[in-house]
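A.B. asks: Heads up: the protein sequence lines correspond to chains A and B, in order.
All letters in the first sequence, in the order written, are residues 1 to 392 by the working numbering.
All letters in the second sequence, in the order written, are residues 393 to 784 by the working numbering.
Protein chains: 2
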Amino acid sequence: MKLAFPKAEYVKRVKKVQREMRRKGIDVLIATDPGNMNWLTGYDGWSFYVHQGVIVSLDEEEPIWFGRHMDKSAALLRCYMKDDKLIAYPEEYVQNLDKHPMEWLAKNIFFARGWHDATIATEMDNYYYSAQAHLSLVSNLWKARFVDSQNLVNWARCIKSDKEIEYMKIAGRITSKIHQRILDVARVGIPKSFVVAQIYETAIEGVDGYSGDYPSIVPLLPSGKEASASHITWDNKPFKANEGTFFEVSGCYKRYHCPMSRTLYMGKPSQRFLNAEKALLEAIDAGLEQAKPGNKTSDIAKALDKVMLKYGIDRHGARCGYPIGVSYPPDWGERTFSIRASDDTILKSGMTFHFMPGIWQDDWGIEITESILINDDGCESLCDYPRKLFIK
Amino acid sequence: MKLAFPKAEYVKRVKKVQREMRRKGIDVLIATDPGNMNWLTGYDGWSFYVHQGVIVSLDEEEPIWFGRHMDKSAALLRCYMKDDKLIAYPEEYVQNLDKHPMEWLAKNIFFARGWHDATIATEMDNYYYSAQAHLSLVSNLWKARFVDSQNLVNWARCIKSDKEIEYMKIAGRITSKIHQRILDVARVGIPKSFVVAQIYETAIEGVDGYSGDYPSIVPLLPSGKEASASHITWDNKPFKANEGTFFEVSGCYKRYHCPMSRTLYMGKPSQRFLNAEKALLEAIDAGLEQAKPGNKTSDIAKALDKVMLKYGIDRHGARCGYPIGVSYPPDWGERTFSIRASDDTILKSGMTFHFMPGIWQDDWGIEITESILINDDGCESLCDYPRKLFIK
């Protein structure tokens, strides 16, 4: 099976992580974020509902994949490392309250390799590193010193390679195709579920021979009053006249995402709605003007908020963007910096983020967003699609 | 917005959990499993990528929903409780390494309600209860006694109500429709991604006016050698002649699942493959004969394994089933009992599980599975679909 990236790229990534580990005094790092596992080794499979991870150490050039017995054959097909770096725990440790995989790991990897008294970094706030996983590991490695990785691997992923950007642009083309399909099929009286079925079909079919992956977040398309509840999923009620619906979707290619939202109003939008569009478009332009190497993430958020306030819209400190790249459910964000007024991350060429300044009011909402690549001169959209409120 | 169940059903469920808490000496329970949140309150939304949960206490009749500020409007639309039981933390606590929602929760809910020295149960091995969430909560509630809920709420969900079974049967009808669609469109030369697009379209469109939800696991359809790696996701390569592909899919209705796998062989299967089918069908029959109230989960597994061994197939202790019901990514299982030889859970009428005795060999695999309801007399399939190896 062909890897998504040349082996040299994985080797380079692992070395980068090892450098950061050395700088922070970390001997061994356990990455349980499936996006981090993929980025470090190529591993890709729907197996993150059981305990698994990738272990990077300063002692060994290549990382170790660990997972359940049944998934080792997937690791053999997907990882750049060979069999000797793939370690599987027995099936009886799967979802068994009496036997935790981390006990097995402590004995069979950490003690076996003399890492029982190392400084070990774990991804403390990750979905796939549970409270029990940590307690089991700590109590079985009583001589080790545990530290939070503070998203070390996620941070290492911030600046994308050319190949990663290529994949994100393919995802972006799928995103555009999805929005075009929405415009084609959504109209008053059509059930939402029908449009969602079309979104999925388009997303998976992909574009020009590049077939799509499942996105890490399902399509969100709340209308009218529900648009204030931006994470509610669809039902089968028909679209109504004189309501706005925002469509938050992302194409996904080789697990890389390129999310983008557009709002579609069916009927004649009120002046308030049109004003919101005007405010958003002007605020996005103001934000993007600040999106260039050397500036800070907060510069973007402040420029946006300033325009929004001019139009009387207070976003109450809600962040207006987050980094994107390779990822798995439940989130397509990379969980490092945020685009918000209190975040002073320095922007660098090769960084990618979803700039998403929605307006969510009590009884309506509007989203017009862009996935952005910081380049040497400023920034560019990863998706080529008209930026406006659509009216039908 | 209409709740999925009458308010009385939610009230009954909460009371059941409170009884169990009392029995175990638990004052306050925090449910972070989105399936448990849904079952207890009706809450449903794609917001589980941030910290959220439902708190059940012995002091208050109704549970408390907590989540980020932005998601409170979803809770207002989806939960059976009123506004005063919905507590939102400020947006600045979202994915911010310096501010953890559990700090806020400790102060604004636990101290505010006098639960700072209570016995508090948390879902220790849940995806959505991270190591950091636990450490933050423990360090901010230094007088409290923390215990593992040991999946108390999941166990309370084991026996399904009539309405839940109704939903699972609708999900089962969607599952059957998906398999029918697979049979219609899959053939040698067709890219897998095309079939996946059709699976999604069918799953979302649903059946007879019941539109489908997103399933908690994406369609899995590995072929030939890859079928040994059962959690690998699809690509766009065409189906090949003389290979078997198993399709592990589930319809989903109001978040209730009814998974079922079937294997499709394109060409003329080898005698080994046909023998595997024979072994599986006989083993499934033997297992299902043991699936009745009063028997144990291990009785099913042992009956199955006995037949498998007769055919020379050693499943190496892999479990052959797990409970199903309401759930969210990354898993459609309920994570309580397992159908395995070492699990002695007593079967009761109303229990539902996915009986999935796959055979995964080094270079091929076969899955024929059933979603099962234990009834007063024995058991029944939740899905009505021919149980056999399909050949095309």
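Beta carbons: idealized from backbone N, C-alpha and C, even for Gly.
Note that the structure is a prediction, hence the values are computed from the model and not measured.
I think A/P222 touches A/T245, with their Cβ atoms under 8 Å apart; what is that distance to the nearest whole Å?
C.D. replies: 7 Å between Cβ atoms; contact.
A.B. asks: Are the C-beta of A/P191 and some C-beta of chain B separated by less than 8 Å?
C.D. replies: Yes, because at least one Cβ of chain B sits closer than 8 Å to the Cβ of A/P191.
A.B. asks: According to DSSP, which residues form a beta bridge with A/D148?
C.D. replies: Per DSSP, A/T122.
A.B. asks: So, at 6 Å on beta carbons, what are the nonlocal neighbours of B/N634 in its own chain, with the 5 sequence-adjacent residues on each side left out?
C.D. replies: Excluding sequence neighbours, B/N634 sits near G659.
A.B. asks: Roughly how many angstroms separate the alpha carbons of A/T119 and B/A525, rounded to a whole number?
C.D. replies: Going by the C-alpha atoms only, they are around 21 Å apart.
A.B. asks: Take B/V577 and list the residues in its own chain whose beta-carbon comes closer than 6 Å to its own, dropping the five residues that flank it on each side.
C.D. replies: The residues are V587 and Q590.
A.B. asks: Which of the three DSSP states is assigned to B/T377 in this structure?
C.D. replies: Any question about residue 377 of chain B goes unanswered here, given that chain B covers just 393 to 784.
A.B. asks: What does B/F586 reach in chain A if we use C-beta pairs closer than 9 Å?
C.D. replies: Chain A residues near B/F586: I204, E205 and S211.
A.B. asks: Can you give me the C-alpha to C-alpha distance between A/S7 and A/K82, rounded to a whole angstrom?
C.D. replies: Checking the displayed sequence, the identity of residue 7 of chain A turns out to be Lys instead of Ser. For A/K7 and A/K82, the distance between alpha carbons rounds to 12 Å.
A.B. asks: Taking a Cβ distance cut-off of 8 Å, strictly less, list which residues of the region 476-502 of chain B are near chain A, in chain order.
C.D. replies: Against chain A - using a Cβ distance shorter than 8 Å - the residues of the region 476-502 of chain B are P482, E483, E484, V486, Q487, N488, L489 and H492.
A.B. asks: Got a sec: which bits of the region 349-377 of chain A sit with their beta carbon under 7 Å from any beta carbon on chain B, in order along the chain?
C.D. replies: So the list reads W360, given in the order they occur along the chain.
A.B. asks: Do the region 39-51 of chain A and the region 74-81 of chain A touch if we need at least three Cβ pairs shorter than 8 Å?
C.D. replies: In short, these stretches touch, since the Cβ pair count reaches three.
A.B. asks: Buried or exposed: where does B/I738 fall if 16 or more other Cβ atoms within 10 Å of its Cβ makes it buried?
C.D. replies: Exposed, because fewer than 16 other Cβ atoms sit within 10 Å of the Cβ of B/I738.
A.B. asks: Can you name, in chain order, every residue of its own chain whose Cβ lies under 7 Å from the Cβ of A/M406, other than the five neighbours on each side?
C.D. replies: The question about residue 406 of chain A has no answer, for chain A in this structure spans 1 to 392.
A.B. asks: Please name the residue in B/W752, B/P721 and B/M743 whose C-alpha comes closest to that of B/G709.
C.D. replies: When each option's Cα is compared against that of B/G709, the closest is B/W752.
A.B. asks: Using CA atoms only, rank isn't needed, just tell me which of A/D84, A/L288, A/E248 and A/F66 is closest to A/E103.
C.D. replies: When only C-alpha atoms are compared, the closest one is A/F66.
A.B. asks: Just verifying my parser: in three-state terms, what is the DSSP assignment at A/L347?
C.D. replies: If DSSP states are grouped into helix, strand and coil, A/L347 belongs with coil.
A.B. asks: Provide the residue(s) that pair with B/H649 in DSSP beta bridges, ordered along the chain.
C.D. replies: Paired residues: B/C644.
A.B. asks: What alpha helix (DSSP H) runs, 4 residues minimum, are completely inside the region 158-230 of chain A?
C.D. replies: Taking only runs of at least 4 residues, the alpha helix (DSSP H) segments lying wholly in the region 158-230 of chain A are 162-185 and 192-205.
A.B. asks: For A/L58, report the span of its beta strand (DSSP E) as first-last.
C.D. replies: Looking at the DSSP string, A/L58 is not in any beta strand (DSSP E), and its letter there is neither H nor E.
A.B. asks: Since A/T336 and A/W155 are thought to touch, with beta carbons under 8 Å apart, how far apart are those beta carbons, to the nearest angstrom?
C.D. replies: At roughly 5 Å, the Cβ-Cβ gap stays under 8 Å, so A/T336 and A/W155 are in contact.
A.B. asks: Closest by CA to B/R664, which one among B/L781, B/I447 and B/D691?
C.D. replies: That would be B/L781, whose Cα lies nearest to the Cα of B/R664.
A.B. asks: Quick one: does A/N236 have its CB under 8 Å from some CB of chain B?
C.D. replies: It does; some Cβ of chain B falls within 8 Å.
A.B. asks: Roughly how many angstroms lie between the CA atoms of A/D98 and A/S136, to the nearest whole one?
C.D. replies: Rounded to whole angstroms, A/D98 to A/S136 spans 11 Å at the Cα level.
A.B. asks: Rounding to the nearest angstrom, what Cα-Cα distance links B/A695 and B/E674 in this structure?
C.D. replies: Going from the Cα of B/A695 to the Cα of B/E674 covers about 10 Å.
A.B. asks: Under 9 Å Cβ-Cβ, which residues of chain B neighbour A/Y451?
C.D. replies: Past the boundaries of the shown model lies residue 451 of chain A; chain A is included only from 1 to 392, so the question cannot be answered.
A.B. asks: Ignore the nearest five residues each way along the sequence and tell me which others in A/L86's own chain have a CB closer than 6 Å to its CB.
C.D. replies: For A/L86, where only same-chain residues beyond five positions count, the Cβ hits under 6 Å are W65, K72 and A75.
A.B. asks: Quick check on A/P215 - is its C-beta less than 8 Å from some C-beta in chain B?
C.D. replies: So, not an interface residue.
A.B. asks: Name the chain A residues whose beta carbon is nearer than 9 Å to that of B/F458?
C.D. replies: Those within 9 Å of B/F458 in chain A number zero; the least Cβ separation is about 15 Å.
A.B. asks: By how many angstroms is the C-alpha of A/V147 removed from the C-alpha of A/V28?
C.D. replies: Answer to the nearest angstrom: the Cα atoms are 10 Å apart.
A.B. asks: Could you tell me how far apart the beta carbons of A/P330 and A/Y127 are, in whole angstroms, since I believe they sit closer than 8 Å?
C.D. replies: About 7 Å separates the two Cβ atoms, so the contact holds.
A.B. asks: Hey, would you say B/S541 sits closer than 8 Å to B/E515, going by beta carbons?
C.D. replies: Contact: yes.
A.B. asks: In whole angstroms, what is the alpha-carbon distance linking A/R255 and A/S327?
C.D. replies: Each residue's alpha carbon lies about 6 Å from the other.
A.B. asks: Is A/C247 close to chain B? Criterion is C-beta to C-beta, closer than 8 Å.
C.D. replies: According to the sequence provided, residue 247 of chain A is Phe. The question's Cys does not apply to it. It does not; no Cβ of chain B falls within 8 Å.
A.B. asks: Kindly list the residues whose CB is nearer than 6 Å to the CB of A/S298, restricted to its own chain and excluding five residues on each side of it in sequence; keep chain order.
C.D. replies: Excluding sequence neighbours, A/S298 sits near A341, D343 and D344.
A.B. asks: With a threshold of 8 Å, are at least 3 pairs of Cβ atoms found where one atom belongs to the region 364-378 of chain A and the other to the region 224-244 of chain A?
C.D. replies: With the cut-off at 8 Å, the region 364-378 of chain A and the region 224-244 of chain A touch.
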